[in-house]
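Chemist: First, the structure itself, so that you have it in front of you.
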Amino acid sequence: MLQELDYELKHLKDNRMLYLQQPNSNIYFKCSKADALNHLTKEKETLQDEQSSS
Numbered sequence: 640m641l642q643e644l645d646y647e648l649k650h651l652k653d654n655r656m657l658y659l660q661q662p663n664s665n666i667y668f669k670c671s672k673a674d675a676l677n678h679l680t681k682e683k684e685t686l687q688d689e690q691s692s693s
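So the sequence shown is residues 640 to 693, counted in our numbering.
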């Protein structure tokens, strides 16, 4: 699922704005495409670390 999201984000136009949800909240913050890709990369690394430690 994260790979699909990664693909979709990489193929958006550069000037698009996105919204990221705060953890455990219904609050969303506007962010740039680059910020969203950075957030996704960190999430993927975290999940991979959790899988490798299991």
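Note that CB positions come from ideal geometry on N, CA and C, so glycine has one too.
Note down, in chain order, each residue of its chain lying with its Cβ closer than 8 Å to the Cβ of L679, except the 5 sequence neighbours on either side.
Modeler: For L679, where only same-chain residues beyond five positions count, the Cβ hits under 8 Å are L641, L644, D645, L648.
Chemist: So, at 6 Å on beta carbons, what are the nonlocal neighbours of L676 in its own chain, with the 5 sequence-adjacent residues on each side left out?
Modeler: Cβ neighbours of L676 beyond the five flanking positions: L648.
Chemist: Which value, in whole angstroms, describes the spacing of the CA atoms of S693 and E682?
Modeler: Going by the C-alpha atoms only, they are around 17 Å apart.
Chemist: If I follow the unbroken beta strand (DSSP E) through S664, where does it start and stop?
Modeler: Unbroken run through S664: none, as it is neither H nor E.
Chemist: Is the distance from the Cβ of K672 to the Cβ of L657 below 8 Å?
Modeler: Cβ atoms of K672 and L657: closer than 8 Å.
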